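For reference, the structure is listed below as structure tokens.
Number of protein chains: 2
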Amino acid sequence: MTTAKRKRMPRAERERQMIEVAEQVFSARGYAAASMDEIAELVGVSKPMLYEYFNSKEGLLLACIRQSRAVLREVTEQATVGAADAEDALRRGLLAFFVFIRERRQAWSLLRHEMALIGTPAADEVEETRRQQTDLIAALMSGHFDSEDDLRAEAAAEFVVGACERLAIWCERHEEVSPETATEYAMDVLWSGLRARARTH
Amino acid sequence: MTTAKRKRMPRAERERQMIEVAEQVFSARGYAAASMDEIAELVGVSKPMLYEYFNSKEGLLLACIRQSRAVLREVTEQATVGAADAEDALRRGLLAFFVFIRERRQAWSLLRHEMALIGTPAADEVEETRRQQTDLIAALMSGHFDSEDDLRAEAAAEFVVGACERLAIWCERHEEVSPETATEYAMDVLWSGLRARARTH
DNA sequence: TCGTCCAGCTTACTCAGAGTAGGTTACTAC
DNA sequence: GTAGTAACCTACTCTGAGTAAGCTGGACGA
């Protein structure tokens with residue numbers, strides 16, 4: 049075991065450690081129920097250090113969210129490079145997303161919960177993450193779709209993000225649904241539309 | 049003005065009044081930033097009364113959420129009765145929803161924010177509201193669609209709810225988009241699918 | 001070898017706001 | 001009237017965010 053007094057480590061390293069612990073505690077207990085004292089104790093440091101580095105409880109949350117967002121961006125962007133067409137790009141992006149939420153549950157849970165921080169920086173931060181994904185999709189669409197109507201295209205992008213977010217939460221309740229299956233479900237509705245499944249009577 | 053000491057009113061009426069004020073304060077300040085003292089003061093009553101009737105801050109929030117949900121259920125269910133077919137029912141339901149979020153902003157803002165109360169009753173309550181809408185859609189679909197695959201149908205319903213929720217939030221930023229236009233955008237993607245809009249190249 | 005500097009760290013507080021104990025008043029029924 | 005109780009209050013406790021002020025160990029120049 050790495051016993052001994054784990055003391056005096058450089059700021060950058062300590063920050064990484066704090067974020068790691070905070071992500072765990074926030075996603076386990078929820079933001080409101082998590083206490084700075086507990087996080088400090090788990091890190092093995094006193095509370096004022098957290099405030100020294102992150103200014104506030106919300107600042108610490110912000111750092112966690114930003115980190116999760118960076119990872120999400122990385123994986124989804126990487127996934128779509130080299131896609132043959134719109135359908136392929138969409139499918140690859142969706143798959144990357146559904147894999148992310150399965151493999152990095154804590155990060156995802158930070159991103160999905162709105163935080164009761166309406167109007168505060170943290171809420172904006174979560175919203176910013178969605179905007180990131182929306183922009184990605186909007187960009188993708190503008191490359192492959194006729195966009196005589198920008199507003200409509202924007203709405204469609206929002207629509208896709210919201211739908212996938214909800215489907216992702218649904219997946220949490222359904223262990224048996226693999227990321228691949230989830231992607232197929234999403235593509236089914238998104239690409240073909242519900243009309244294709246309507247009973248002809 | 050209804051001056052004078054507005055005192056001693058029956059419990060039911062006082063509760064309604066409290067919920068009304070609380071809905072305002074919660075949606076204006078956000079759950080965390082709202083204080084029970086302020087709500088009590090605005091109601092014109094002392095704090096222990098709030099606790100007498102709702103047990104806790106979260107209990108008060110719960111009451112607000114339940115009320116909003118009841119209204120949402122009412123309007124969307126009413127909207128879909130007498131629809132000719134699946135497409136019509138979907139369109140009517142969507143329109144009712146988009147009208148609701150425009151006309152009852154405070155109620156909607158309570159329902160959309162996740163509250164940082166993971167695992168607590170309030171979070172379940174918001175989730176319950178989505179389930180209500182999901183069930184509505186699932187029921188609608190099972191009436192009009194071939195459902196050889198229940199899981200797929202359930203996923204599709206979640207998908208629709210998530211997509212509309214996000215589109216609704218997007219509408220908050222776009223005053224110029226009417227509920228009718230929002231409904232059209234939603235139907236466009238949902239019913240016809242993105243394939244219909246893909247550039248043929 | 002010794003100062004001195006400062007990043008990393010601490011103890012010991014304040015303060016706001018959730019929640020409560022226990023008492024007071026005004027209506028209602030007889 | 002007066003007994004009973006629903007509606008209401010004052011005056012607390014206690015938890016947890018945030019802060020003031022000071023301690024310490026090691027790098028680095030003289």
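So the protein sequences, as listed, match chains A and B.
Sequential numbering of the first sequence, starting at 49, is according to my numbering.
Sequential numbering of the second sequence, starting at 49, is according to my numbering.
Positions of the beta carbon are idealized from the N, C-alpha and C atoms, including for glycine.
For clarity, every value in this text was computed on a predicted model and none was experimentally measured.
* Asked: Are the stretch 120-135 of chain A and the stretch 78-89 of chain A in contact at 8 Å, needing three or more beta carbon pairs?
  -> Here the stretch 120-135 of chain A makes no contact with the stretch 78-89 of chain A; the two share fewer than three CB pairs at distances below 8 Å.
* Asked: Helix, strand or coil: which one does DSSP assign to A:V237?
  -> In the three-state reduction of the DSSP assignment, A:V237 falls in the helix class, which pools H, G and I.
* Asked: So, helix, strand or coil for B:A80, using DSSP?
  -> In this structure, B:A80 counts as coil in the three-state DSSP scheme.
* What separation, rounded to the nearest whole angstrom, lies between the Cα atoms of A:A131 and A:R140? -> C-alpha separation (whole angstroms): 8 Å.
* **Option in A:R59, A:Q115 and A:R179 with minimal Cα separation from A:R152** => If we check each option's Cα against that of A:R152, A:Q115 comes out closest.
* **Residues near B:V73 in its chain [Cβ-Cβ closer than 8 Å; skip 5 each side]** => Correct list, in chain order: A82, E86, I87 and L90.
* Quick one: residues in its chain with C-beta nearer than 6 Å to the C-beta of A:M235, no 5 flanking neighbours on either side, listed in chain order? => Once the five neighbours on either side are set aside, the close Cβ partners of A:M235 are R139.
* Beta carbon of B:C112, beta carbon of B:L158: below 8 Å? -> For B:C112 and B:L158, yes; Cβs fall inside 8 Å.
* Go ahead and label A:D214 buried or exposed: buried means 16 or more other beta carbons lie within 10 angstroms of its beta carbon, across all protein chains shown. => The displayed chain sequence assigns Arg, not Asp, to residue 214 of chain A. So A:R214 counts as buried.
* To do: Could you tell me the distance, in whole angstroms, from the CA atom of A:L199 to the CA atom of B:E63?
  => Between the alpha carbons of A:L199 and B:E63 lies a distance of about 43 Å.
* Asked: Does the separation of the CB atoms of A:R150 and A:P227 fall below 8 Å?
  -> Closer than 8 Å, so yes.
* Asked: Is B:R56 helix, strand or coil by DSSP?
  -> Three-state result, B:R56: coil.
* Would you mind stating whether A:L142 and A:T229 have Cβ atoms separated by less than 8 Å? => Contact: no.
* Just reading off the alpha helix (DSSP H) that B:E106 is part of, what are its end residues? -> For B:E106, the enclosing alpha helix (DSSP H) starts and ends at K105 to T128.
* B:L109 versus A:A137: straight-line alpha-carbon distance, rounded -> If you draw a straight line from the Cα of B:L109 to the Cα of A:A137, it is about 42 Å long.
* Asked: Which bits of chain A does B:E206 rub up against, with CB to CB less than 7 Å?
  -> Contacts between B:E206 and chain A, judged by CB atoms closer than 7 Å, involve R214, L215 and W218 in chain order.
* If you run the structure through DSSP and keep just helix, strand and coil, what is A:D197? -> It is coil, neither helix nor strand.
* Please list, in chain order, all residues of the same chain as B:V119 whose beta carbon is under 8 Å from its beta carbon, the five residues on each side excluded. => The answer, listed in chain order, is F148, R152 and A155.
* Determine, using beta carbons only, whether B:A127 comes closer than 8 Å to chain A. => Not one beta carbon of chain A lies nearer than 8 Å to the beta carbon of B:A127.
* Asked: Assuming B:A201 and B:A186 make a contact with CB atoms under 8 Å, what is their CB distance in whole Å?
  -> Contact check for B:A201 and B:A186: beta-carbon distance about 6 Å, within the 8 Å limit, so the pair qualifies.
* **Sub-8 Å separation of B:M57 and B:Y101 beta-carbons** => No, they are not a contact pair.
* Asked: Taking 8 Å as the CB-CB cut-off, is A:S240 touching chain B?
  -> Any Cβ of chain B closer than 8 Å to the Cβ of A:S240 would place that residue at the interface, and such an atom is present.
* Would you mind stating whether B:K55 and B:M84 have Cβ atoms separated by less than 8 Å? => Contact flag unset, no.
* Cβ neighbours of B:A216 in the same chain (closer than 8 Å, five flanking residues each side left out) -> Only F145, F146, I149, W156, R160 and A230 meet the Cβ criterion.
* **Distance between B:S94 and B:A205 (C-alpha atoms, nearest Å)** => Roughly 44 Å between the two C-alpha positions.
* Compare the C-alpha of B:W218 against each of A:V225, A:E135, A:V209 and A:E223 and name the closest. => In terms of CA proximity to B:W218, A:V209 leads the group A:V225, A:E135, A:V209 and A:E223.
* Name the chain B residues that come within less than 8 Å of A:R114, Cβ to Cβ? -> Correct list: empty, because the minimum Cβ distance to chain B is about 17 Å.
* Closer than 8 Å at the beta carbon, the chain A residues around B:V209 -> Ordered by position in chain A, the residues that pass the 8 Å Cβ test against B:V209 are R214.
* Distance, B:F207 Cα to B:G241 Cα -> Between B:G241 and B:F207, the C-alpha separation is close to 13 Å.
* Cβ neighbour criterion (16 or more within 10 Å) applied to B:R59 -> Residue burial annotation: B:R59 is exposed, with fewer than 16 other C-beta atoms found within 10 angstroms of its C-beta.
* **Distance between B:E71 and B:M97 (C-alpha atoms, nearest Å)** => In this structure, the alpha-carbon of B:M97 lies about 17 Å from that of B:E71.
* **Under 9 Å by beta carbon: chain B residues contacting A:A203** => Residues of chain B with a Cβ closer than 9 Å to the Cβ of A:A203 are, in chain order, L215, W218, C219, H222, V225, T229, A230, Y233, A234, D236 and V237.
* Relative to chain B, which residues along the stretch 80-99 of chain A have a C-beta separation below 7 Å, given in chain order? -> Cβ contacts with chain B: A80.
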